[in-house]
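Protein chains in written order, with numbering that gives the first Met the number 0: chain A, 0 to 499; chain B, 0 to 499; chain C, 0 to 499.
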Amino acid sequence: MRNRILLISFIFFVPVFFVASLPTKEKNINSALKLSEESEACLDCHSSVTPGIVEDWQTSLHSKINLQQAISKPELEKRVSSNKIQEKFGDKVIGCYECHSLNADSHKDNFDHFGYRINVIVSPNDCSTCHPIEATQYSESKKANAIGNLEENPVYHTLVETITSTKEFKNGKIVQTKEFENARSESCYACHGTKIEVKGMRSVETDLGEIEIPNLSNWPNHGVGRINPDGSKGACTSCHPRHSFSIEIARKPYTCGQCHLEPDVPAYNVYKESKHGNIFESKKEKWNWTNVPWTVGKDFSAPTCTSCHNSLLVNSSGDIIAERSHDFGSRLWTRLFGLIYAHPQPKNGNTSIIRNKDGLILPTTFTGENASEFLISKEEQSARIVKMSKVCQSCHSTTYASNHFKKLDKTIEETNKMTLTATQLLLEAWNAGLANKNNPFDETIEIKWIKQWLLYSNSIRYASAMSGPDYAAFKNGWWDLSNNLAEMKDWIEVHKKIKK
Amino acid sequence: MRNRILLISFIFFVPVFFVASLPTKEKNINSALKLSEESEACLDCHSSVTPGIVEDWQTSLHSKINLQQAISKPELEKRVSSNKIQEKFGDKVIGCYECHSLNADSHKDNFDHFGYRINVIVSPNDCSTCHPIEATQYSESKKANAIGNLEENPVYHTLVETITSTKEFKNGKIVQTKEFENARSESCYACHGTKIEVKGMRSVETDLGEIEIPNLSNWPNHGVGRINPDGSKGACTSCHPRHSFSIEIARKPYTCGQCHLEPDVPAYNVYKESKHGNIFESKKEKWNWTNVPWTVGKDFSAPTCTSCHNSLLVNSSGDIIAERSHDFGSRLWTRLFGLIYAHPQPKNGNTSIIRNKDGLILPTTFTGENASEFLISKEEQSARIVKMSKVCQSCHSTTYASNHFKKLDKTIEETNKMTLTATQLLLEAWNAGLANKNNPFDETIEIKWIKQWLLYSNSIRYASAMSGPDYAAFKNGWWDLSNNLAEMKDWIEVHKKIKK
Amino acid sequence: MRNRILLISFIFFVPVFFVASLPTKEKNINSALKLSEESEACLDCHSSVTPGIVEDWQTSLHSKINLQQAISKPELEKRVSSNKIQEKFGDKVIGCYECHSLNADSHKDNFDHFGYRINVIVSPNDCSTCHPIEATQYSESKKANAIGNLEENPVYHTLVETITSTKEFKNGKIVQTKEFENARSESCYACHGTKIEVKGMRSVETDLGEIEIPNLSNWPNHGVGRINPDGSKGACTSCHPRHSFSIEIARKPYTCGQCHLEPDVPAYNVYKESKHGNIFESKKEKWNWTNVPWTVGKDFSAPTCTSCHNSLLVNSSGDIIAERSHDFGSRLWTRLFGLIYAHPQPKNGNTSIIRNKDGLILPTTFTGENASEFLISKEEQSARIVKMSKVCQSCHSTTYASNHFKKLDKTIEETNKMTLTATQLLLEAWNAGLANKNNPFDETIEIKWIKQWLLYSNSIRYASAMSGPDYAAFKNGWWDLSNNLAEMKDWIEVHKKIKK
């Protein structure tokens, strides 16, 4: 308590000290810019309590520009999509309090922190104050729906439960009991997101004495579909990390690579072994990672994840090659990721509304028939191919690009066929009573079947889409896709013999 | 058609515009340099149609120097090996047309493109106009022969066919039918190269209207042994990517790492976890990646793939440590890559002329005896060890280097022995009628045997050659090499029992 | 012999030449600095014989500062921990001879080299002349004891022997005979270190004629627990590579990543896919890698291996966040690495003094009971959590950090439980006579059991400790941990049936 009083009294003296300690260059830039009184109070303590994030914020645009300046930029150079000047921010830069105090009423994680009402978590809904188009696009994407898409899908739901549950060996049997508390949130939900709830308050001993803070469950988590205490979905910080909110980091493939990686979604790994990834690695230090819009050839000389999937791209003359989108599937026509088969992209980011012919929440049937009415049409697919091809054609001929995507079509067809063969082998095992289909994910032959689509077919498709040869060959590629069938057949033969 | 006329009329106006848009610095360099009229015509359209490659070309030496200047450099600094000035290039820099119009008569992919005769693909034979020594060395290497070496070798040919063929489940059996159209070109042939043929012409809808272009099969592809429409073999663009033709990219290990990677040829992966790779990653931004010749210690402080395998290296006094070669096997004495056993390097880059004692196109027999008359002699092996050791001795003592290579010899002996044990287990399975040797690559026990040499023995040898410990240990290393024998034996026992 | 005389006569002329060839900037710095006569003699030959390491040394602080200058730095900026000025070094910089001549009497690898007494290997004991605190801390760590900890531990000793021994197929059986000469030193001992012994002298043919040098066994090796010819343990060069002795390289995660990598210790791999690793990759070129002390936020904006585990960290005001330590386990409370179960850190870096309840040199029993009296207490564990959390709290709230470590506790509990289930399955196999427990590491079911703790449980724990989701999921994570139990059970069922 004494500490708290001491701290508050500090608030009026430290700001001067803080500004004085800014590097000269930053001071010049900031000289005309003002920080709100509230944010100055935050910095008073946090520049010594959590110095790392204060330094990060100082490198961010948020500390260097106010909303009026941000809005007055030429259209293509804008980084904010709201055109209304937020009266309450006035001529102040965007400091701690500007973000952590927004929409307090809807924030169950709002609490009194040394006299200020603070939200622990800044949510996409808060960011939408200045970035509304981005927030809306994101909210419609599969990413924002990543938890529901997992939990309500009977394939994935059971798979998650199977692999993250306690397994004990009792009376000669493996008994699966309750889910481990942590296993789920640290594996699948680390990327998909957790549901964060406020479970009352708790006291924490800090260097500044005991303080009361909201007790958050499933926190920390920065999964793309995180359900926040204000009810919004997603975490902008998944890609624009706290507190630099860096466009540079979001544009670099390391960010996507945190979740889109082998063995199940080897997008990042394939990229790294592609010619594009090679050029990225070789030349990246010389590229301009922060320009908006992003000029092909000038700012960068090989595509990254974001240049193909969501960045605003222009050519040297300023003509738009691709529009910015924060719905990361909006340029995609096919969903490589096998569930169980590759299929056209769903119409809606919320895939739990899909029903296949068997009435299941799945985009295809067990033998590969599409739930077409929930998937985008041929026309929409073609339109998206054109959209994506425009990016390719910045460097490649029309034929080069169209041949590339024709190959991808063939690859999808071929890998779907090899997945179907595995499905038929699994049916054989079930029909012969060698395995029990109640839970289709917990027996050896079933695990082999899962590998066929989740690891091998997927890897080959990503390798085809982004021209990384080894994931089509020996690294979960055709080598494994083919061998796995031999192993499934071998397993069936052995088990048929010993059953007799 | 109207578009075409419009385009041609543009040709006379756009060049001024193009030069005006060059960055100031480049303009100075280029002020004395001239672009041919034909290349100016290319740029007129392509700087807006495919801006990325035009920007790339502008960063290349080709846009910044003419042949006369290139030839007049001091001997060790030369980047062209032709000493004859190509009259036709005159004082012009090397633009689009200079390369894409060469040797039109031998190019089946030559076509009329807005009034110009253009080859779609620039081949090693075209590059040899200015770089004849490099082209000749390359043409004699295993790389240039990468398709034939794969297709005519009975082991690999069958392996490729087995893993990339349709497999259906019919009447309780897996039936292998025809090869998938795409699977081969996206896996093995993505690195080895495809045969590109011209299948007539086709019309393509472009932003500039409908145009006629050659219809190329198996394109795009940039494999090292690609067979081009002019009959030449290879793709210089595998390592010097279009259109920067960068020596920097070719020298960085990412390039080699596109194909020489785990699990079958983990050269790049082992490098990354070696001390050399560690220093490369830590210091690479400060190295000079473009100097010719390349000075050990000054330009770089740890070896990369090319410094050991093919770059021209000198010490600070300008003494040659290693000669440049574009036959990438020319400093190698042993072929680590198991086929089925490691063995001395073949005398000829075309390995399809080899016959082993059993009359097969293989460098060793099934039990490991070398086809010695087709492999380099002991003397030649020693001479190459000396050549390679000179690179090592830039930093390491004579003993350090010689002990290192003695260890490699031992490793080859040890891994060959462990491969032989696996071969004996496979023979046991065949002799006992547990598997059918007609196709030695399609049954479970056979797949385990392949892993022994193709994945595990290989990994250990690369780990030994380049001092990356984990590929000798748990990552496809001794752990797997040893366990695999236990698994083969277990498989044999189970199948013997159930056969009774 | 003639060469030797020639060389010695050179010694008096070449130094001038050498200094003259230094780049201008370095000359200024060095103008006041003197190199000892002996080191000048070394450079006379070695700048042309091994130019790479001479260039490396020139980039090092050793060439740019003398001990007096080093000692007079402010306390927190010091890079030497000895406060006594070494009389013998005087005002000279630290050259070749200064290090390679130290403590000659205890060096069995000391030899006459062109008139000078030289040690081949500079050991931690030699480095302790100027860096005594670091050497002492290191000598007490698990790293310095890495050979003994491996060889005297019955689990690891047998495991190493099993996987690196000759295996022949004789009379239908796999017979394990003697250990391969090389397999051990290139796999496990490449990281753990070898024992280097002097086996007399040998003659070597060099460019400078025949010279006599010590014949070292098991050399080269740079493992962390290497036993040196002077009896000391360790190799400072494992992390500070020869001859730049770079703090930059030691601080970058590539160094730790040479040994701490998947599949058994995937610390580096998890880091790379974490948000911390992502920020490191994105921003590393702008960080200051050499400042001492290292300022959080200013010098770097995301933690690396060393910032959490051993660097001296301060905040912008110069307050110490974490003390430097070269005992790399000193901030750790739990030992993730399963042996067989995760357990509290051992009290002593020498783990061969541990005895569990069964009398074995192992920190837990076969079923997971801790050998508590040899492991640190609850209090010490808590103290270390506080120490480590201070680093986290540079950027994260108290709750964020404490919740993170609570999750880790849960993960350890959960993975230990899944390991125990595998142990029970193994016991079932042994009890049913399906496998022979004499060697618990050489049969298929035993190998599966090893994978459960050595690969899968470990991966999940590292993923939890450093927030890299895929090693908790599909990459040796919960997916494999769970599937492996199904496979073990399947194996037992099949073998029970065929035994009948």
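No residue lacks a Cβ here, since even glycine has one placed at the ideal position from N, Cα and C.
Quick one: is residue i near chain B, going by C-beta distance under 7 Å?
i                : result
SER481 (chain A) : yes
ALA464 (chain A) : no
LEU335 (chain C) : no
VAL197 (chain C) : no
PHE477 (chain A) : It is worth fixing the name first, because residue 477 (chain A) is Trp in this sequence and not Phe. Taking Cβ atoms only, chain B reaches closer than 7 Å to TRP477 (chain A), which makes this a yes.
PRO362 (chain A) : no
TYR253 (chain C) : yes
ASN277 (chain A) : yes
ILE497 (chain C) : yes
When DSSP labels each residue in this structure, what does residue i get in the three-state scheme?
i                : result
ASN27 (chain A)  : Here the model assigns ASN27 (chain A) a pLDDT of 39, short of 50, so the residue's position is not dependable and the matter cannot be decided.
SER164 (chain A) : strand
ALA321 (chain A) : strand
THR49 (chain A)  : coil
PRO362 (chain A) : coil
THR294 (chain C) : strand
ASN170 (chain B) : coil
ARG460 (chain B) : helix
Once the 5 residues before and after residue i are set aside, which same chain residues still bring their CB inside 7 Å of it?
i                : result
THR410 (chain C) : ILE459, ARG460 and SER463
TYR267 (chain A) : PRO252, CYS255, GLY256, HIS259 and LEU260
ILE28 (chain B)  : The predicted position of ILE28 (chain B) is uncertain, since its pLDDT is 43 and thus under 50; no value can be drawn from it.
GLU492 (chain B) : none
ALA234 (chain C) : GLY192, HIS221, GLY222, VAL223 and ARG225
Applying a beta-carbon distance threshold of less than 7 Å, which residues of chain D neighbour residue i?
i                : result
PHE473 (chain A) : Judged by its chain identifiers, the structure shown contains no chain D, and its protein chains are A, B and C.
Quick check on residue i - is its C-beta less than 7 Å from some C-beta in chain C?
i                : result
GLN423 (chain B) : yes
ASN290 (chain B) : no
GLN380 (chain A) : no
ASN181 (chain A) : yes
LEU75 (chain B)  : no
GLN451 (chain A) : no
SER186 (chain A) : yes
LYS24 (chain A)  : Reliability of the predicted coordinates at LYS24 (chain A) is poor, the pLDDT of 38 falling under 50, and no value is obtained from them.
CYS394 (chain B) : yes
Is any beta-carbon of chain A found at less than 7 Å from that of residue i?
i                : result
PRO50 (chain B)  : yes
ASP408 (chain C) : no
Report the neighbours of residue i on chain C: residues whose CB is nearer than 8 Å to its CB, in chain order.
i                : result
ALA370 (chain B) : Correct list: empty, because the minimum Cβ distance to chain C is about 25 Å.
Who are the Cβ neighbours of residue i in its own chain at under 6 Å, not counting the five residues just before and after it?
i                : result
TYR155 (chain C) : LEU149
LYS488 (chain A) : none
ALA301 (chain C) : HIS275, ILE278 and PHE279
ILE52 (chain A)  : HIS242
ILE173 (chain A) : LYS166
LYS24 (chain C)  : At LYS24 (chain C) the pLDDT is 38, less than 50, meaning the model places this residue with poor confidence; the figure from the coordinates comes in the next sentence. Nothing meets the Cβ criterion.
What residues of chain A sit near residue i, judged by a beta carbon separation below 8 Å?
i               : result
VAL53 (chain B) : GLY296
Identify, in the order they occur along the chain, each residue of the same chain with its Cβ nearer than 8 Å to the Cβ of residue i, setting aside the five sequence neighbours on each side.
i                : result
SER273 (chain C) : MET465, SER466 and GLY467
Listing by chain order, which chain A residues have their CB less than 7 Å from the CB of residue i?
i                : result
LEU484 (chain C) : LYS166 and ILE173
| Any 3 or more C-beta pairs closer than 8 Å across the segment 434-443 of chain A and the segment 225-244 of chain A | no
| said: I'd like to know if the segment 77-90 of chain A and the segment 343-360 of chain C are in contact, where contact means that at least 3 CB-CB pairs between them fall below 8 Å. | reply: no
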